[in-house]
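Comments concern the structure below.
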Amino acid sequence: MSFRFKESSVLPGFGLSLGYTLLYLGLIVLLPLSALVVKSSELGFGGFFKTILDPRVLASFKLTFGASLVAAAVNVVFGTIVAWFLVRINFPGKRVIDAIVDLPFALPTAVSGIALAMLYSPNGKLGIFLQSIGIKVAFTQLGITVALIFIGLPFVIRTVQPALEEMDRELEEAASSLGASRTQTLTKVILPLLMPPIITGFTLAFARAVGEYGSVIFIAGNMPMKTEIASLLIITKLEQYDYAGATAIAVAMLLVSLALILLINLFQSWSGKHLIR
Amino acid sequence: MNKIKIYILKTVLLLFSGIPFLANAAGTDEILNVSYDPTRELYRDYNVLFAKYWEKETGRKVNIRQSHGGSGKQARAVIDGLKADVVTLALAYDIDEISAKSKLLQPNWQQNLPQNSSPYTSTIVFLVRKGNPKAIKDWNDLIKPGVEVITPNPKTSGGARWNHLAAWGYVLNRELGDLKKINDSDKAEEVRVAEKKAKEFIAELYKHVPVLDSGARGATTTFAQRGIGDVLLAWENEAFLSVNQLGADKFDIVVPPISILAEPPVAIIDTVVDKRGTRKITEAYLKHLYSPEAQKLAARHFYRPVHPENADPADIARFSKSKLFTIDEVFGGWQKAQKAHFSDGGIFDQIYQPGYN
Amino acid sequence: MFINILRSTDKRPGLNPPLIVNMAITVIALGFLFMFVIMPLIIVLKEAFSAGLSLWWASITEKDALSALRLTLLVAAIAVPVNLVFGLAASWALAKFRFKGKSLIITLIDLPFAVSPVVSGLIYVLLFGLHGWLGPWLGEHDIQIIFAVPGIVLATVFVTFPFIARELIPLMSEQGTDEEQAALSLGASGWQTFRRVTLPNIKWGLMYGIILCNARAMGEFGAVSVVSGHIRGETNTLPLQVEVLYNEYNFVAAFAVASLLAGLALVTLVLKSIVEWKTKHG
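So the protein lines, in turn, are chains A, B and C. To convert, take the position in the first sequence, counting from 1, and add 123; that gives my numbering. Position 266 of the second sequence, counted from 1, bears residue number 250 in my numbering, the numbering being contiguous throughout. To convert, take the position in the third sequence, counting from 1, and add 93; that gives my numbering.
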């Protein structure tokens, strides 16, 4: 094996498509984000760390990343089940259900936040019920998680669903004709094939949750140290015209997200090479 | 295939040209008023009134573009290049920042118009549930056991800063008996003790706050629609408006014996009007806010007019006569108040530090 | 027809769980969707129509609402195609070839999702604002990017940037390159291979990508809010108009506009259903 940048392939268009990808990525994503990094560097090394290591900022990081992980994990489990339901099970009116899955993207985040707060607040439809069994949702960390589940919900479903639809049925047929049990077919054939889209869905739902602002503030309560998310602290800094401080928090969040997502993606490409084949 | 492309291109261009900012008919003046949230209703009416006045005076039509949002956010937009001819914001601090950060207007802008450039004022009052079940009459009642207070986050809401400062001023007045002592260097020790008490009061007050919304109208919704809390701290004009809009049978307004005089100021953005050639009309626009008909309008929209004699007596009768102190006499102006209370490490941050009780 | 309820869609041998398992899956799936999607939707619709159909109609045909609608459609009409071209190029390069640094590029593509919407707006302020890198130059030439339509378009493109690419990359990776290689070896040109072999294979994924991208482009609030300037009838998109109405305590109109937005974003899904139906029955 030689140290080549790219393995040879007979397919054409690599240079063009990769070149365009990198150019567009650079212009739309990297250039603007570099402005963010440059702005935060105005604080200097000491100032940067003083800003992001403030106890309130740290508490908000813990809350934001923690709630996002929980929300993404919930979405993985239930999203995969929903995708399976939509593709593999006959049910009347399924198309309507299919349509509303995208609702969390279609609604402006503020509307989602208001609707969820109405629903889960102590005098809301579900809130009354949950309150009666001792669960308080709105204006708690649980409320934040609920909002994050909502906004990330379509990701897992919409990545797993097409993969299920396009999945080669013959593999399953072969497995069962070779005498594999249902559990074996599920764990040895189907789940490995679904792993890449599931991981992608998880990553996207997680990433989206980390940055979310609009829907969360209506249901969060926004109490310092308890229910204050990182995006709110960015706004707080901006309200004081402290652009450098705001960008410092943003950069810190970005670096953590970047590291986490990179880790997931590396794992995925590694497992793609070593597990599935 | 090519025909389709050309057609798509044409449609896109057509859509773009349909955006109204490119259209500006001759004989029409155009100005942009960048304002904060609670003034929507006021300026909707005032713009009609001014357009009539301007046409009568000059024979020219005027198109007033209107932008609303949180006061700080709007100020930031102007700082970053939103081309406002006039700003009409919640607090002088925000306009000070426009002057300091972007040099778009003179630092002494507040002297350009009468009454600190505030054609109307307001104060902070309590909105309580109908019949006032928790018997809330004064600031001290807010920290009674079992009382829940709704106020937005002063870090993100201009209105919440007025709430916070009003509570602070109440304690100083109670402890000192006379607010003039604050600027008396002989009484420095007495003032220091009073300020310590004020900080304790504020810390206790925020312990009674279950939700800190990011803006004033968010807090109103939490209180009115979600049914959370026993009392909402609000601008007087907002309190009246929400009683009107959300149900007179559900809420009562309680005016505390002492509160703060909130002065929402207005200013011309010099560099913008000079470049656009709109100085004459913007000056008229702001000056006319002090005219009898505009003062009457302000009172109708629950703002306290600076010339109450021009307003409808029935409107004026709605405002109770409590004692009002100004931000200058208690805090030495917005710059100082902002720095001591709301900047990073200020009083608001201190009372939420872990370990502070 | 009714006999088929809760049975597996595909009768061929394979993983066809027993009825009881299908039932459990259905209950869990519907319960989850009910708590998190259907109930919020019902809330929005209930509020939107709480004052009757005529008021709903009046709310969405009001002057400012219409101009917000036009702006929202314009923004989506630019952002979606732009990201579509990118998505196709990126997924081709990243899914069909093996090269070093691939994971890094995919991560960078994901990045806009992880950026708080507030920050997505802020970065354009830092670039094009009065004190931004390009601000002074733009000011001299009287070009307005932020607080005008171009800024809103840019922020939307940024926010919806990953959707189509991220939908296609895992799908194309899973499919591998065998079919394309076969087509090429049979003498098809690269472009023909892409159109006749690759595109049909990814059409559903592509469709989902477009649907999501479009929905998000029309629904984006935070980022657009930072660069909009909130000028009534000019730079307010539908989501911003919802906020305006909500802040005016005009809850009925606010939810009416929100329901319109939800409907608009789902139009693409109806189109998908039609295409699906036609391919099955045509």
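Glycine included, C-beta positions come from ideal geometry on N, C-alpha and C.
Exercise. Can you tell me the Cα-Cα spacing of residue 8 of chain B and residue 280 of chain A, whole angstroms?
Worked result: Only weak support exists for where residue 8 of chain B lies, its pLDDT of 49 falling under 50; the coordinates are left without a value.
Exercise. Is any heavy atom of the ligand GDP found at a distance shorter than 8 Å from the C-beta of residue 170 of chain B?
Worked result: As presented, the structure is devoid of all ligands, the ligand GDP included, so that no description of it is given.
Exercise. Residue range of the alpha helix (DSSP H) that residue 326 of chain B falls in?
Worked result: Element bounds for residue 326 of chain B: n/a, residue is neither H nor E.
Exercise. Within this structure, are the beta carbons of residue 60 of chain B and residue 340 of chain C separated by less than 9 Å?
Worked result: no
For this session: Have a look at residue 359 of chain C and residue 252 of chain C and give me their C-alpha separation to the nearest angstrom.
Result: 19 Å
Exercise. Using the C-alpha atoms, what's the distance from residue 74 of chain B back to residue 83 of chain B?
Worked result: 16 Å
For this session: Give me the Cβ distance between residue 253 of chain B and residue 68 of chain B, rounded to the nearest whole Å; I'm assuming they're in contact under 8 Å.
Result: 5 Å
Exercise. Closest Cβ-Cβ distance between residue 94 of chain C and chain B: below 9 Å?
Worked result: Because the pLDDT at residue 94 of chain C is just 47, under 50, the model does not fix this residue reliably, and the point stays unresolved.
Exercise. Between residue 207 of chain B and residue 216 of chain B, is the Cβ-Cβ spacing less than 9 Å?
Worked result: yes
For this session: Could you list the residues in the segment 174 to 187 of chain C with a C-beta less than 7 Å from some C-beta on chain B, going in chain order?
Result: none
For this session: Assuming residue 256 of chain C and residue 305 of chain C form a contact by the criterion Cβ under 8 Å, report the distance between their Cβ atoms to the nearest whole angstrom.
Result: 5 Å
Problem set entry | Beta-carbon proximity check, residue 291 of chain B vs residue 269 of chain B, cutoff 9 Å | no
For this session: Using a threshold of 9 Å, state whether the C-beta atoms of residue 187 of chain B and residue 340 of chain B are closer than that.
Result: yes
Exercise. Using a Cβ cut-off of 7 Å, which residues of the segment 40 to 58 of chain B contact any Cβ in chain C, in chain order?
Worked result: 49, 50, 51, 52 and 53
Problem set entry | Beta-carbon neighbours of residue 240 of chain A, restricted to chain B and to distances below 7 Å | 210
Exercise. Which whole runs of the alpha helix (DSSP H) in the segment 161 to 203 of chain C are 4 residues long or more, in chain order?
Worked result: none
Exercise. Do the segment 40 to 55 of chain B and the segment 129 to 148 of chain B make contact, defined as three or more Cβ pairs closer than 8 Å?
Worked result: yes
Problem set entry | Reduced DSSP secondary structure (H/G/I, E/B, other) of residue 102 of chain B | coil
Exercise. Straight-line CA distance for residue 147 of chain B to residue 244 of chain C?
Worked result: 35 Å
For this session: Give every residue of the same chain whose Cβ lies closer than 8 Å to the Cβ of residue 276 of chain C, excluding the five residues on either side of it in the sequence, and list them in chain order.
Result: 285, 286, 289 and 290
Exercise. Using a Cβ cut-off of 9 Å, which residues of the segment 91 to 114 of chain B contact any Cβ in chain A, in chain order?
Worked result: none
Exercise. Is residue 326 of chain B closer than 9 Å to residue 218 of chain B when the C-beta atoms are compared?
Worked result: no
For this session: Please go through the same chain and pick out, in chain order, the residues whose beta-carbon is closer than 8 Å to the beta-carbon of residue 350 of chain C, but skip the five residues on each side of it.
Result: 152, 153, 158, 161, 331, 334, 335 and 338
Exercise. By how many angstroms is the C-alpha of residue 193 of chain C removed from the C-alpha of residue 128 of chain A?
Worked result: 6 Å
Exercise. Taking 9 Å as the CB-CB limit, is residue 233 of chain B close to chain C?
Worked result: no
For this session: Take residue 341 of chain A and list the residues in its own chain whose beta-carbon comes closer than 6 Å to its own, dropping the five residues that flank it on each side.
Result: 236, 237 and 240
Problem set entry | Beta-carbon neighbours of residue 140 of chain B, restricted to chain A and to distances below 7 Å | 358, 359 and 362
Exercise. When you compare each of A:328, A:346, A:349 and A:365 to residue 196 of chain A by their alpha carbons, which one comes out closest?
Worked result: A:328
Problem set entry | chain C within 9 Å of residue 245 of chain A, Cβ atoms only | no
Exercise. What's the gap between the Cα of residue 254 of chain C and the Cα of residue 247 of chain C?
Worked result: 10 Å
Exercise. Any beta-carbon of chain A closer than 9 Å to the one on residue 63 of chain B?
Worked result: yes
For this session: Note down, in chain order, each residue of its chain lying with its Cβ closer than 7 Å to the Cβ of residue 330 of chain A, except the 5 sequence neighbours on either side.
Result: 380 and 384
Problem set entry | Pick from B:79, B:49, B:50 and B:122 that is closest to residue 243 of chain B, judged by C-alpha positions | B:122
Exercise. At which residue ranges does the segment 61 to 98 of chain B contain complete alpha helix (DSSP H) runs of 4 or more residues, listed in the order of the chain?
Worked result: 76 to 86
For this session: Could I get the ranges of all uninterrupted alpha helix (DSSP H) runs contained in the segment 271 to 335 of chain A, with 4 residues as the minimum, in chain order?
Result: 292 to 300 and 314 to 334
Problem set entry | Contacts around residue 225 of chain A, its chain only, beta-carbon distance under 7 Å, and the 5 residues preceding and following it disregarded | 277
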